[in-house]
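Asks: Going line by line, the protein sequences match chains E and R.
Just so you know, this note's numbering puts 117 at position 117 of the first sequence, and the rest follows in order with no gaps.
Just so you know, this note's numbering puts 797 at position 342 of the second sequence, and the rest follows in order with no gaps.
Cβ coordinates follow ideal geometry from the N, Cα and C atoms, glycine included.
Got a structure here, written out as structure tokens. Questions coming.
There are 2 protein chains.
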Amino acid sequence: MKEYTPEYLDFLRDIIGRHDEEAARKELTGLHPADIAELYQDLDLDEAEFLYRLLDDQTAADVLMELDEDDRHKLLSAMSTEDIARQVIDHLDTDDAVDIIQELDEEDRDEILSHIDDVEQAGDIIDLLKYDEDTAGGIMGTEMIVVNENWSMPQCVQEMRKQAEDLDEIYYVYVVDNDYRLRGVFPLKKMITHPSVSKIKHVMEVDPVSVKTDTPVDELTLDFEKYDLVAMPVVDSIGRLVGQITVDDVMDEAREQSERDYQLASGLSGDVESDDTLFDQTKARLPWLLIGILGGIGNSIILGHFESGFAVNPAMALFIPLIGGTGGNVGIQSSAIIVQGLANGSLDVSGSAKQLFKELGVGLLNACIISLIVFVYNMFALGPTQVTTIAVSLSLFAVVVFASIFGTFVPLTLERFKIDPALATGPFISITNDIIGMVIYMSISSALLSALGPA
Amino acid sequence: MKEYTPEYLDFLRDIIGRHDEEAARKELTGLHPADIAELYQDLDLDEAEFLYRLLDDQTAADVLMELDEDDRHKLLSAMSTEDIARQVIDHLDTDDAVDIIQELDEEDRDEILSHIDDVEQAGDIIDLLKYDEDTAGGIMGTEMIVVNENWSMPQCVQEMRKQAEDLDEIYYVYVVDNDYRLRGVFPLKKMITHPSVSKIKHVMEVDPVSVKTDTPVDELTLDFEKYDLVAMPVVDSIGRLVGQITVDDVMDEAREQSERDYQLASGLSGDVESDDTLFDQTKARLPWLLIGILGGIGNSIILGHFESGFAVNPAMALFIPLIGGTGGNVGIQSSAIIVQGLANGSLDVSGSAKQLFKELGVGLLNACIISLIVFVYNMFALGPTQVTTIAVSLSLFAVVVFASIFGTFVPLTLERFKIDPALATGPFISITNDIIGMVIYMSISSALLSALGPA
């Protein structure tokens with residue numbers, strides 16, 4: 001990975017400051033678009049724009065795709081819709097073009113589409129815009145090499161040569177029948193190992209792994225991982241080839257999905273990055289904090305019913321963090337195991353009952369160990385027959401078992417109702433378990449206190 | 456993704472029960488090894504073994520690679536070292552072979568290596584075993600197509616044809632000089648578009664992205680994402696080509712890394728899956744729960760110093776969960792943003808000071824909003840001049856600011872000392888902030904209580 005030193009950036013700033021186009025162009029030569037994008041992000045907007053103007057259209061379009069959405073937006077909003085169509089969209093693959101167009105205002109979209117000179121590309125983009133972003137159709141591109149199953153090898157090679165010119169990379173050649181239904185794939189490797197055969201259908205691999213346009217992206221990500229694919233054909237409901245998904249898009253999606261799960265588990269709503277503005281960060285963080293505050297106030301109301309108890313037996317108050325925290329920790333663990341199992345495909349919602357049963361076992365085992373340890377500690381700290389000693393260990397036992405089951409049950413139930421189970425992790429589960437922990441603790445303490453009196 | 460219905464599994468179990476090899480073989484025909492592995496995991500061990508024996512060696516070896524480590528271990532431990540060498544290792548790529556050998560007992564390794572008939576493969580495996588598992592050398596394979604830069608195209612094609620026979624997939628042809636130093640890559644696409652040129656060095660892409668053998672895996676994962684690669688050459692310290700890393704291995708690594716971060720954030724130590732045994736799950740979960748218990752006991756000791764205060768002013772106890780929980784939530788958010796930024800490469804440890812400064816801003820903003828909201832609530836619930844009302848809001852303010860800074864500082868510091876920053880997330884940060892929150896809350900309350908007296 002390219003890293004730019006502060007010295008290099010100063011050197012480059014100096015060149016830009018002198019408006020030395022020749023020297024600047026020399027620095028950009030041979031750089032990968034992703035590296036230019038990184039450079040752009042290290043520079044001020046006007047410095048970056050100076051460099052951007054020196055790029056040829058193709059490179060500029062590629063750099064644009066590599067930028068953060070915010071930075072891309074800044075550059076695009078300075079361009080006319082005609083320039084966006086001719087200088088940017090025209091040089092992009094259809095899947096990237098669709099991503100860009102989706103980021104723009106509704107009103108600009110049609111204008112840009114009307115300025116695209118290549119009618120076929122414009123048509124493909126319009127088709128692609130119809131698909132839901134979270135489905136195979138939403139991330140596929142239409143650039144691929146397609147040959148007819150009845151063609152001979154030399155015919156195919158000639159056709160491939162024609163089609164290949166516009167493509168960056170080719171992984172597979174797709175083979176279709178006369179109705180454009182996907183029949184097979186032909187790995188490029190076979191062009192080397194089987195240079196001359198009569199018909200392509202005799203060397204193609206039949207029954208290739210494919211997805212339908214409405215397959216959810218997280219499902220097809222698992223397919224890519226499972227079958228070690230670099231590209232996958234997409235077919236419509238009657239099996240006609242409509243596009244291709246490549247592994248780089250899938251990797252981006254996989255990264256985004258795991259970041260989203262991680263953010264939800266950490267109480268961050270919305271996609272937030274360390275380089276976002278102070279205001280964006282606060283906006284992403286405040287919602288969960290406020291829910292936590294609501295939970296805390298709820299807890300204060302529950303504990304309020306026991307206020308007189310604290311006056312009589314103040315030792316009860318000391319273990320509030322222990323009970324609440326343990327309930328939260330257990331719940332987070334349980335829900336995380338479920339969310340991860342559902343995400344990586346190792347767990348299926350049909351196995352819910354079995355999973356809950358196992359979790360009951362884990363919960364009971366943890367509960368025994370934890371409440372015993374705390375009992376031994378309190379035996380020495382408070383005395384073995386003290387109400388608090390007994391109440392704390394009994395409550396811990398109940399809280400751990402409850403939190404285990406609850407933390408397993410909630411994400412499984414969300415998944416069953418097609419709601420993102422990751423919503424059930426982090427703050428949600430820890431706040432809920434905290435509150436229920438307090439109810440359990442206060443109920444048991446009250447009961448014991450009135451039965452035994454403060455010892 | 457293939458899913459087996461309970462009905463299909465019953466049907467298959469019936470075939471296996473009747474030991475009907477012909478029918479069973481028919482069911483397995485045409486299945487991808489990954490699908491057979493999935494079938495295996497749905498069946499009992501003896502049923503799976505029956506199916507496994509019906510597979511040809513190549514398929515059996517591929518299925519083995521797709522299994523969970525536990526299941527693979529069961530199958531391998533029933534085989535002699537000679538069978539492992541001839542029936543399994545011999546049919547695998549070197550990178551997979553190394554993975555399997557590393558999972559075996561030290562004493563079996565040499566025996567297996569001595570049984571490998573292909574001396575070149577055995578030598579490659581021995582070389583690969585020397586690399587650290589977390590580096591490029593540890594995950595690369597040696598199967599690739601290599602041509603000399605001075606060869607002509609027909610010479611290359613002939614050589615490629617020879618080398619390609621043993622390979623599953625080919626993405627790039629690597630071009631080296633007479634000293635085997637990497638000079639360029641040659642995308643297979645060019646075989647179509649540039650079918651005849653004098654020398655390969657005139658069509659190859661020079662200066663390809665490559666990594667050194669000691670590059671950490673998480674770094675090269677970012678390179679794959681950044682440059683949209685499907686394979687990357689690995690060179691030694693003087694630039695000689697020693698291996699290739701393919702995108703499927705990188706995807707597996709990326710999944711593992713994000714799962715590990717997620718597990719650490721959720722208080723799970725060690726790699727735990729929903730289908731692990733009850734004992735394994737408890738083992739992975741108990742450590743953090745016990746640390747949480749220690750934290751809870753620590754909190755009880757801190758609160759113990761204030762025990763008499765609870766007797767005088769029991770309302771203080773009601774807000775313990777609010778203060779502790781908020782500190783924990785804020786800290787988890789802050790540390791998650793840092794851990795994620797470091798993982799996806801958007802944040803660099805050299806920007807620590809700037810990051811801490813921004814976090815101070817976010818913390819102050821959140822602190823103002825939160826303590827104001829709680830003040831307004833308590834003004835009505837308890838009264839505006841009540842000690843508790845003032846103490847709670849003051850403490851919340853201090854706790855939120857502290858937790859923001861602390862949650863940012865700890866992972867950045869760990870990263871600086873080359874310790875995994877993900878260790879600083881989840882339970883660790885929430886327990887620490889819980890305890891420090893209590894110290895702040897009790898200090899402020901005590902001071903106010905002695906200054907103002909219980910109102």
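1. In whole angstroms, what is the alpha-carbon distance linking Lys-74 (chain E) and Ile-170 (chain E)?
2. Given Val-399 (chain E), which residues of its chain have a CB within under 7 angstroms of its CB, disregarding the five upstream and five downstream residues?
3. Can you give me the C-alpha to C-alpha distance between His-760 (chain R) and Ala-709 (chain R), rounded to a whole angstrom?
4. Out of curiosity, what's the CA-to-CA distance linking Ser-266 (chain E) and Thr-425 (chain E)?
5. Cα separation between Phe-417 (chain E) and Leu-128 (chain E)?
6. Can you tell me whether DSSP reads Asn-633 (chain R) as helix, strand or coil?
7. Counting only Cβ pairs nearer than 7 angstroms, list the residues of chain B close to Ser-300 (chain E).
8. Here's the rule I'm using: 16 or more other beta-carbon atoms within 10 Å means buried, otherwise exposed. How should Glu-562 (chain R) be labelled?
9. Can you say whether Gln-58 (chain E) is buried or exposed, counting buried as having 16 or more other CB atoms within 10 angstroms of its CB?
10. Measure the alpha-carbon distance for Leu-684 (chain R) versus Cys-368 (chain E) and round it to whole angstroms.
11. Inspect the beta-carbon positions of Val-829 (chain R) and Ser-848 (chain R) and report whether they are closer than 8 angstroms.
12. Could you say which of R:Leu-506, R:Leu-494, R:Asp-497, R:Ser-790 lies nearest to Asp-475 (chain R) if we only look at CA atoms?
13. Once you ignore the five residues that flank Ile-471 (chain R) on each side, which residues in its own chain have a CB closer than 6 angstroms to its CB?
14. Measure the beta-carbon distance from Val-98 (chain E) to Ile-125 (chain E) and round it to whole angstroms, keeping in mind my assumption that it falls under 8 angstroms.
15. If I measure Cβ to Cβ from Pro-671 (chain R) and keep anything under 7 angstroms in the same chain, skipping five residues before and after, which residues do I get?
16. In chain order, what residues of the same chain lie with their CB nearer than 8 angstroms to the CB of Lys-189 (chain E), ignoring the 5 residues before and after it?
17. Quick check on the DSSP output: the beta strand (DSSP E) that includes Asn-768 (chain R) runs from which residue to which?
18. Can you confirm whether Glu-624 (chain R), when its beta carbon is compared against all beta carbons of chain E, has any partner nearer than 8 angstroms?
19. Below 6 angstroms CB to CB, which residues in the same chain sit around Thr-701 (chain R) once its five sequence neighbours on both sides are set aside?
20. Taking any Cβ of chain E, which residues in the stretch 735–750 of chain R have a Cβ under 8 angstroms from it, in chain order?
21. From the beta carbon of Glu-762 (chain R), is the nearest beta carbon of chain E less than 8 angstroms away?
22. Output needed in chain order: residues of the stretch 372–387 of chain E with a Cβ under 7 angstroms from some Cβ in chain R.
23. Taking any Cβ of chain R, which residues in the stretch 385–415 of chain E have a Cβ under 7 angstroms from it, in chain order?
24. Nearest-angstrom Cα distance between Ser-900 (chain R) and Ile-775 (chain R)?
25. Output the distance between the C-alpha atoms of Thr-432 (chain E) and Asn-299 (chain E), rounded to the nearest integer angstrom.
26. Going straight from the alpha carbon of Glu-660 (chain R) to that of Arg-638 (chain R), what length do you get?
27. Do Ala-381 (chain E) and Leu-448 (chain E) have their C-beta atoms closer together than 8 angstroms?
28. Should Tyr-174 (chain E) go down as buried or exposed, given a rule of 16 or more other Cβ atoms within 10 Å for buried?
29. For Tyr-131 (chain E), list the residues DSSP reports as bridge partners.
30. Can you give the Cα-Cα distance for Val-362 (chain E) and Ser-371 (chain E), rounded to whole angstroms?
31. Once the 5 residues before and after Asp-497 (chain R) are set aside, which same chain residues still bring their CB inside 7 angstroms of it?
32. Count the other CB atoms, across all protein chains shown, that sit within 10 Å of the CB of Leu-76 (chain E); report buried if there are 16 or more and exposed otherwise.
33. By a C-beta neighbour count over all protein chains shown, 10 Å radius and 16 as the cutoff for buried, is Ala-451 (chain E) buried or exposed?
34. So the candidates are R:Leu-559, R:Met-520, R:Glu-524, R:His-546; which of them puts its Cα closest to the Cα of Ser-535 (chain R)?
35. To the nearest angstrom, how far is it from the Cα of Asp-62 (chain E) to the Cα of Gly-698 (chain R)?
36. Going straight from the alpha carbon of Val-440 (chain R) to that of Val-689 (chain R), what length do you get?
Replies: Looking at the atomic coordinates:
1. 33 angstroms
2. Hits under 7 angstroms: Ile-323, Thr-326, Gly-327, Gly-437, Ile-440.
3. 48 angstroms
4. When rounded, the distance between both Cα atoms is 8 angstroms.
5. Phe-417 (chain E) and Leu-128 (chain E): Cα-Cα distance of roughly 28 angstroms.
6. coil
7. Reference to chain B is not applicable here, since the protein chains of this structure are E and R.
8. exposed
9. Exposed: under 16 other Cβ atoms inside 10 Å.
10. 51 angstroms
11. Closer than 8 angstroms, so yes.
12. R:Leu-506
13. Cβ contact annotation for Ile-471 (chain R) (same chain, cutoff 6 angstroms, sequence separation greater than five): Glu-502, Phe-505, in chain order.
14. 6 angstroms
15. Correct list, in chain order: Asp-589, Thr-590.
16. none
17. From DSSP, Asn-768 (chain R) is part of no beta strand (DSSP E); its letter is neither H nor E.
18. Glu-624 (chain R) belongs to the set of residues whose beta carbon lies under 8 angstroms from a beta carbon in chain E.
19. Ala-686
20. Gln-736, Thr-737, Arg-740, Leu-741, Trp-743, Leu-744, Leu-745, Gly-747, Ile-748, Gly-750
21. yes
22. Ile-373, Val-374, Tyr-377
23. none
24. The straight-line gap from Cα to Cα measures roughly 12 angstroms.
25. 10 angstroms
26. 9 angstroms
27. no
28. buried
29. Partner(s): none; Tyr-131 (chain E) has no beta bridge.
30. 14 angstroms
31. Tyr-459, Leu-464
32. Around the beta carbon of Leu-76 (chain E), a 10 Å sphere encloses 16 or more other beta carbons of the protein chains shown; the residue is thus reported as buried.
33. exposed
34. R:Leu-559
35. Asp-62 (chain E) and Gly-698 (chain R): Cα-Cα distance of roughly 29 angstroms.
36. Past the boundaries of the shown model lies residue 440 (chain R); chain R is included only from 456 to 910, so the question cannot be answered.
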